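Structure first, commentary second.
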Amino acid sequence: MNLQETIAELTPSLLEMRRDFHRHPELGFQEVRTSARLAEFLEGLGLEVTRGVAQTGVVARLKGARPGKTVLVRADIDALPIQEESGVPYSSQTPGVMHACGHDGHAAIAAHVAAVLARYRDRLEGEVRFAFQPAEEIVSGARPMVEAGVLEGVDCVVGLHLYSLMPAGKVGVRPGPSMAAADAFTIHLRGRGAHAAMPHEGVDTVLMASQIVVALQSLVSRETDPVATAVITIATVSAGEGAHNIIPETAELKGTLRTFDAGLREKLIRRIGELSKGIAQAMGGSAEVTWLPGSPAVVNDPQMVERFRQVARQVVGEEAVLEVPPVMGGDDMSEFLNRRPGVYFWLGAGDPDPRKNRPHHHPAFWIDDERSLPLGTELMTRAVLDFLR
Ligand SMILES: [Zn+2]
Ligand SMILES: [Zn+2]
12 MNLQETIAEL
22 TPSLLEMRRD
32 FHRHPELGFQ
42 EVRTSARLAE
52 FLEGLGLEVT
62 RGVAQTGVVA
72 RLKGARPGKT
82 VLVRADIDAL
92 PIQEESGVPY
102 SSQTPGVMHA
112 CGHDGHAAIA
122 AHVAAVLARY
132 RDRLEGEVRF
142 AFQPAEEIVS
152 GARPMVEAGV
162 LEGVDCVVGL
172 HLYSLMPAGK
182 VGVRPGPSMA
192 AADAFTIHLR
202 GRGAHAAMPH
212 EGVDTVLMAS
222 QIVVALQSLV
232 SRETDPVATA
242 VITIATVSAG
252 EGAHNIIPET
262 AELKGTLRTF
272 DAGLREKLIR
282 RIGELSKGIA
292 QAMGGSAEVT
302 WLPGSPAVVN
312 DPQMVERFRQ
322 VARQVVGEEA
332 VLEVPPVMGG
342 DDMSEFLNRR
352 PGVYFWLGAG
362 DPDPRKNRPH
372 HHPAFWIDDE
382 RSLPLGTELM
392 TRAVLDFLR
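Heads up: the sequence shown begins at 12 in our numbering, then just goes up one per residue.
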């Protein structure tokens, strides 16, 4: 098969689809239009399509003529609550909502990988399954997709994330931990309110909160292996109603925990609770810690990374395949990679001049879709064919 010719032929459709999604961005679990368009496109290719998976997700199965392995391609499809200021002619038509992370490109690439492979179905061994996942930005879409059974019978998983700060033409990947686990917590403190001039009559939650903020840092400096990585940040401290002379009865701390190692993550989640409760209790009060559901760290399978690298070198050349450092940002692709071996790679999508590029989640976020999307389609298609072998 001549893959490059096929992709060249499909490129106008690829770009049109990405720009259409860009014009009509939808927030997590509201991706109704996006999902409908994807489902219609995939049905048109003759794939077996299931709509409404994890509310607004779409799953499509391309079964080859002969039996074999099953490879899952995962693409997230949601946008962000940002007012677009990129100035592109296909800018968002929805006020306050923008594809500022490139998920419009992810969806269009995965759909066109399906379009390419559908043409070679007679020669395909095994199944290629496509998971169009809602609500990545609120770390909520992957888990219900997994619970809906999207990984049943799947041997391995592959996904990509466009990267505006890496020039188009380059590819980044690393074996092992690549993106951090991100967990958010709230510590609710209770003491006893009192007159500020009579502290012995009360239990001071402001002092309690202060002790806890300081003590939490010792979990990183004293209880975490210095060569491991963890971040604990308290981002919000609230207590009192603005008075100078009242000891507040309650206080609240909000923070985030970032880790790569699953064991360390578990330990720190436990220790944040123990430390907060212990300090509060020792001071005569009490603490309750609540956690928002987070996603585990994104961990790539080393063998699959090696195979992917070989594929990528053939497509973009040896020197354009970079080993990138891990990032403390999170991505719920980890829900798939936690359960199946796989690879999540960065696809360069920026300008060679770094001054022209904006980071992800920026109102002027921009990607060179003409250069990066066809390349992403080729890379993903070749990776899938390699993994099916
Ligand atoms: Zn994002
Ligand atoms: Zn993203």
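Positions of the beta carbon are idealized from the N, C-alpha and C atoms, including for glycine. Quick caveat: nothing in here was measured; it's all calculated off a predicted structure.
Residue interval of the alpha helix (DSSP H) (run including residue i)
{"i": "Ser287", "result": "273-293"}
{"i": "Pro100", "result": "Where Pro100 is concerned, there is no enclosing alpha helix (DSSP H), given that its DSSP letter is neither H nor E."}
{"i": "Val395", "result": "380-399"}
{"i": "Ala76", "result": "Run containing Ala76: none; DSSP gives neither H nor E here."}
{"i": "Ser151", "result": "First-last for Ser151: undefined, no H or E at that position."}
{"i": "Gly55", "result": "43-55"}
{"i": "Leu128", "result": "114-130"}
{"i": "Val310", "result": "Note, Val310: premise wrong, no alpha helix (DSSP H); beta strand (DSSP E) at 309-311."}
{"i": "Leu218", "result": "216-232"}
{"i": "Glu346", "result": "345-348"}
Bridge partner(s) assigned by DSSP for residue i
{"i": "Tyr355", "result": "Gly170"}
{"i": "Gln144", "result": "Asp87"}
{"i": "Arg369", "result": "Bridge partners of Arg369: none, in fact."}
{"i": "Arg62", "result": "Val69"}
{"i": "Val338", "result": "Met190"}
{"i": "Leu333", "result": "Gly183"}
Per-residue burial, residue i [other beta carbons within 10 Å of its own, 16 or more giving buried]
{"i": "Leu36", "result": "Note on identity: in this sequence residue 36 is Pro, with Leu being the wrong assignment. Buried is the call here."}
{"i": "Thr45", "result": "buried"}
{"i": "Lys367", "result": "exposed"}
{"i": "Arg77", "result": "exposed"}
{"i": "Pro259", "result": "buried"}
{"i": "Ala232", "result": "As written in the sequence, residue 232 is Ser, which differs from the Ala given in the question. Exposed, because fewer than 16 other Cβ atoms sit within 10 Å of the Cβ of Ser232."}
{"i": "His114", "result": "buried"}
{"i": "Asp343", "result": "buried"}
{"i": "Asn311", "result": "buried"}
{"i": "Arg269", "result": "buried"}
Residues of its chain near residue i, where Cβ-Cβ distance is below 8 Å and the 5 sequence neighbours each way are ignored
{"i": "Glu285", "result": "none"}
{"i": "Leu386", "result": "Ala179, Gly180, Val326, Val327, Leu358"}
{"i": "Pro106", "result": "Gln94"}
{"i": "Thr10", "result": "Nothing can be reported for residue 10: it is not among the residues displayed for the chain, which extend from 12 to 400."}
{"i": "Val127", "result": "Leu14, Thr17, Ile18, Leu21, Thr388, Thr392"}
{"i": "Val99", "result": "His33, Trp377"}
{"i": "His372", "result": "Leu91, Ile93, Ala111, Cys112"}
{"i": "Gln228", "result": "Ile243"}
Supposed close pair residue i, residue j - CB separation, criterion 8 Å
{"i": "Pro145", "j": "Gly68", "result": "5 Å"}
{"i": "Gly39", "j": "Ala195", "result": "That pair is no contact at about 16 Å."}
{"i": "Ala220", "j": "Leu264", "result": "6 Å"}
{"i": "Ile257", "j": "Gly251", "result": "7 Å"}
Boundaries (first-last residue) of the beta strand (DSSP E) holding residue i
{"i": "Met190", "result": "187-190"}
{"i": "Pro304", "result": "297-306"}
{"i": "Arg203", "result": "Here Arg203 belongs to no beta strand (DSSP E), and DSSP marks it neither H nor E."}
{"i": "Glu263", "result": "261-270"}
{"i": "Gly6", "result": "No answer is possible for residue 6: it lies beyond the span of the chain, which begins at 12 and ends at 400."}
{"i": "Ile245", "result": "241-250"}
{"i": "Glu37", "result": "Counting along the chain, Glu37 falls outside any beta strand (DSSP E), and DSSP gives it neither H nor E."}
Sequence-distant residues of the same chain with beta carbon closer than 7 Å to residue i, five excluded per side
{"i": "Arg72", "result": "Leu58, Glu59, Glu138, Arg140"}
{"i": "Arg369", "result": "Ser175, Ala375, Phe376, Trp377"}
{"i": "Arg282", "result": "Leu230, Glu234"}
6 Å CB neighbourhood of residue i in its chain, flanking five on each side removed
{"i": "Pro307", "result": "Ala192, Ser345, Asn349"}
{"i": "Thr235", "result": "Ala241"}
{"i": "Lys288", "result": "Ala298"}
{"i": "Pro313", "result": "Pro186"}
{"i": "Phe52", "result": "Ala122"}
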